[in-house]
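Quick note: the sequence shown uses my numbering, first residue 49, plus one each step. Positions of the beta carbon are idealized from the N, C-alpha and C atoms, including for glycine. Every value quoted in this text rests on a predicted model; they were computed, and no experiment measured them. Each remark here refers to the structure printed beneath this line.
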Amino acid sequence: ENGLTLLLDAEVYDYAFSPQKGEGFKLAIHYHMDQPIMALSDIDLSPGFVTQLSVTPVLRDTTSQARFRFTPEERGCYFDGELEFKYLPRSLYRYGLSNCLFAATYDQILEICNCVPFFHTMAYVDFPQICAGISLLCMNTILRDIGSHTEVWSVEPDGTSVRKPCLFACEDQSYTAAVTTSIFPNMHTFLRSAEFCLMYRKLKKSCRTSKNVTLQEQYPKLCILMLEYPLVCSTDEDPDRLLP
């Protein structure tokens with residue numbers, strides 16, 4: 049088969065506090081030099097389903113005539129080199145709207161909270177303090193509004209910094225995804241599938257760690273029952289022949 053296949057264990061029995069209301073995973077499909085903004089572009093993957101994604105690239109182009117005839121604000125986009133982020137190195141990040149919105153939010157954290165987020169420390173030389181305590185609360189408050197800050201500091205050729213509005217990229221490659229789902233597992237065939245033994249070994253391993261506490265709370269006697277059948281998934285014999 050073409051593409052990538054993943055079998056994911058959400059471990060919902062071991063969830064702690066989260067601002068998210070649902071169970072499962074969040075997925076973002078993006079260009080490799082973009083900082084994805086999950087609140088704006090994520091796809092929710094729910095446990096108990098097979099989720100298939102078909103990804104289609106979308107190319108955006110703008111003529112050279114538009115580049116020289118209009119300003120970025122007039123044409124509504126930036127060409128490469130027209131906006132240079134102050135704290136996103138060019139070797140790792142391209143110009144794009146997602147990166148610009150991230151950089152604008154990052155600038156707000158630096159200016160208002162006077163600290164550097166632990167997940168992106170490029171500004172540590174100018175703001176030598178990692179966000180913690182009250183400043184961490186300040187950072188999280190701003191991050192909750194990511195996407196609403198639309199002006200970013202840009203480094204000009206003469207070395208000065210100027211605030212510019214976030215616009216689209218004039219030349220861009222983005223992606224669209226079509227999502228289909230079906231219920232997983234198929235209980236009529238699951239015991240004979242390769243996924244069953246992967247899941248069984250994973251749960252058996254979790255039973256030997258500190259996660260067995262929350263696992264037992266959610267599924268009483270599961271770990272004890274698995275230990276009673278040590279040969280399941282340890283041989284080539286079908287698991288359904290070894291289970292009661």
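- Under the DSSP assignment, residue 155 falls outside any beta strand (DSSP E), being part of the alpha helix (DSSP H) whose first and last residues are 145-156.
- Between residue 219 and the set 145, 250, 259 and 198, the nearest pair of CA atoms involves 145.
- In the displayed model, residue 175 falls within coil according to three-state DSSP, outside both helix and strand.
- Residue state for residue 68 is assigned as coil, using DSSP reduced to three classes.
- In the three-state scheme derived from DSSP, where H, G and I count as helix and E and B as strand, residue 190 is classed as helix.
- The distance from the Cβ of residue 186 to that of residue 160 is about 6 Å, consistent with a contact at the 8 Å cut-off.
- For residue 207, the closest C-alpha among the options 256, 133, 67 and 264 is that of 133.
- Assignment of residue 100 by DSSP, reduced to helix, strand and coil, places it in the strand class.
- Taken atom to atom, the span from the alpha-carbon of residue 242 to that of residue 100 is near 19 Å.
- Setting aside the 5 residues that flank it on each side, residue 126 is surrounded in the same chain by 120, 143, 215, 217 and 218, each with a C-beta closer than 7 Å to its C-beta; the list follows chain order.
- According to the DSSP assignment, residue 267 belongs to no alpha helix (DSSP H), since it is labelled neither H nor E.
- The beta carbon of residue 231 sits closer than 8 Å to those of 96, 97 and 98, all from its chain and outside the five residues before and after it, given in chain order.
- Between the region 246-256 and the region 183-202 there are fewer than three inter-stretch CB-CB distances shorter than 8 Å, so the stretches are not counted as touching.
- Apart from sequence neighbours up to five positions away, the residues of its chain that approach residue 201 with a beta-carbon distance below 7 Å are 134, 155, 209 and 211, ordered along the chain.
- Take residue 169, set aside five residues on each side of it, and the residues of its chain with a beta-carbon closer than 8 Å to its own are 178, in chain order.
- For residue 251, the uninterrupted alpha helix (DSSP H) run begins and ends at 242-254, by DSSP.
- Three or more beta-carbon pairs drawn from the region 54-74 and the region 258-277 are found closer than 8 Å, and the two stretches are therefore classed as touching.
- Counted as a single uninterrupted DSSP element, the beta strand (DSSP E) harbouring residue 202 occupies residues 199-203.
- Three or more Cβ pairs closer than 8 Å define a contact, and the region 274-281 falls short of that threshold against the region 72-89.
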